[in-house]
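Single-structure report; data block below.
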Amino acid sequence: THIDQAGSEGMYLLAGSHNFLLMEHLNQSMAGRTAVLKLLPFSHREMAEGNILPATLDEEIFNGGYPRLYDKSIAPPDFYPYYIQTYVERDVRLMKNIGNLGKFIRFLKLCAGRIGQLLNLSSLANECDISVSTASAWLSVLEASYICYLLKPDHHNFAKRLVKTPKLYFYDTGLACALLEIGNAQQVGTHFLRGGLFENLVINEFVKNGFNKGLEPNLSFWRDSQGNEVDLLDTEGNLQYAYEIKSRATFSPDFFKGISVWAGLSGAESQQCSVIYNGDKDLKSSKGEIRCWKTLSLGQQE
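Going by the UniProt record's numbering, the sequence shown opens with residue 1, and the numbers climb by one from there.
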């Protein structure tokens, strides 16, 4: 081929929104000769550098990061309903023969209502009147099409009983807001899932930070049977960095409760422990750093 004869890399760039179709053909014809980069909706950092950053946290959650919203100045209520319709009627049909699209859309909305929660396929199946095996298959569709992802539980048990069920998140909070029928940014601020949406937004920054470097981020969470929890663990080599994510604008020492339990068991140093909150200032304490979410993507572990 021309690439083999030229001996150069990066001569062709193939872009596609249909991951499942594109990857099928690449895997068949270009095995061992391709590098696959995952491009998610804009990160906070990308929007800041592009001077398109929404003015407030709630606006950023509500708008999401799909490029066309910003390129064409489309309001989220005008964009997402058609995106969802197109996704269900075209993309999902290409991946799996789903007989009842109405139930699938209900399943999609119920998943949005469980952001940041432990995955319970039985509950989702019961509420949609489908089998657990069908719920599992539909969730696989959402994962393969980069709508949802599962955050795995950490496997270090430190001689304690741990939760072994993953947690559910969306790759884009704007899409989640549309599925939750949130009508504007002001409604985000009073919504019962605002804390979960903020947590989702922050964890997405870690996911995007890895993907944008061509890496697969090694992220997890930790929770024991007593309810002590660390929202996010970022594993880099032999070190783990722990993050508690709080949507409140005022710091409280209680934010370090779960991290302190984990640090005591794991032997982690204070510099491995951070709280990410909705305040305006980065602070320090003896238990770790208190980090403003706005500067998060500029200060992640490199």
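Virtual Cβ for every residue (Gly too), placed ideally from N, Cα, C.
Asked                                                                                                                                                      : Found
If you reduce the DSSP assignment to three classes, tell me which class I105 lands in.                                                                     : helix
Where does Q117 sit, in a helix, a strand or coil, going by DSSP?                                                                                          : coil
Residues in the same chain with beta-carbon distance under 6 Å from E302, minus the five sequence neighbours each way, listed in chain order, please.      : Since pLDDT at E302 reaches only 44, below the 50 mark, its modelled position is unreliable, and the value read off the structure follows with that caveat. Correct list: empty, nothing qualifies.
Please classify Q271: does DSSP put it in a helix, a strand, or coil?                                                                                      : helix
Closest to S247 by CA distance: which of T190, Y241, G195 is it?                                                                                           : G195
Could you tell me which of S285, A137, G210, G214 sits nearest to A35, measuring between CA atoms?                                                         : G214
For N157 and L197, what's the separation of their Cα atoms in angstroms?                                                                                   : 28 Å
Is P153 helix, strand or coil by DSSP?                                                                                                                     : strand
Sort G227, E59, V132 by Cα distance to L162 and report the nearest one.                                                                                    : G227
Quick test of your reading: I290 and K284, contact by CB under 8 Å. State the CB separation rounded to the nearest angstrom.                               : 7 Å
Closer than 6 Å by C-beta to T173: which residues in its own chain qualify, once you throw out the five before and the five after it? Chain order, please. : I61, G64, L197, N200, L201
Determine the direct distance from the alpha carbon of Y171 to that of F192, and round the result to whole angstroms.                                      : 20 Å
From the DSSP output, in three-state form, read off E59 for me.                                                                                            : helix
Compare the beta carbon distance of F256 and K281 with 7 Å and say whether it is the shorter of the two.                                                   : no
When you compare the CB positions of D58 and G189, do they come within less than 7 Å of one another, or not?                                               : yes
Distance check for G279 and C292, CA to CA, integer angstroms please.                                                                                      : 6 Å
For S260, count the other beta carbons within 10 Å of its own beta carbon; 16 or more makes it buried, fewer makes it exposed. Which is it?                : buried
Taking its Cβ as the centre, do 16 or more other Cβ atoms sit within 10 Å of H44, making it buried, or is it exposed?                                      : buried
Name the DSSP beta bridge partners of C148, please?                                                                                                        : F170
Can you have a look at E244 and say buried or exposed, based on whether 16 or more other CB atoms are within 10 angstroms of its CB?                       : buried
Could you compute how far the alpha carbon of S133 sits from the alpha carbon of F104?                                                                     : 14 Å
Taking the Cβ atom as the reference point for each residue, do Y169 and L180 lie within a distance shorter than 7 Å?                                       : no
Flag this pair as touching only if the segment 64-75 and the segment 90-105 have three or more C-beta atom pairs under 8 Å; answer yes or no.              : no
So K160 packs on G116, CB below 8 Å; how close in whole Å?                                                                                                 : Actually they are not in contact, since the Cβ atoms of K160 and G116 sit about 22 Å apart, beyond 8 Å.
Rank S131, P153, D234, E236 by C-alpha distance to the C-alpha of W222 and give the top, closest one.                                                      : P153
Are L142 and A135 closer than 7 Å when you measure CB to CB?                                                                                               : no
Determine the direct distance from the alpha carbon of S252 to that of A268, and round the result to whole angstroms.                                      : 21 Å
Which residue wins for smallest C-alpha separation from A232, given the options N238, L139, A112, C273?                                                    : According to the sequence shown, residue 232 is Leu rather than Ala. With distances taken between Cα atoms, L232 lies closest to C273.
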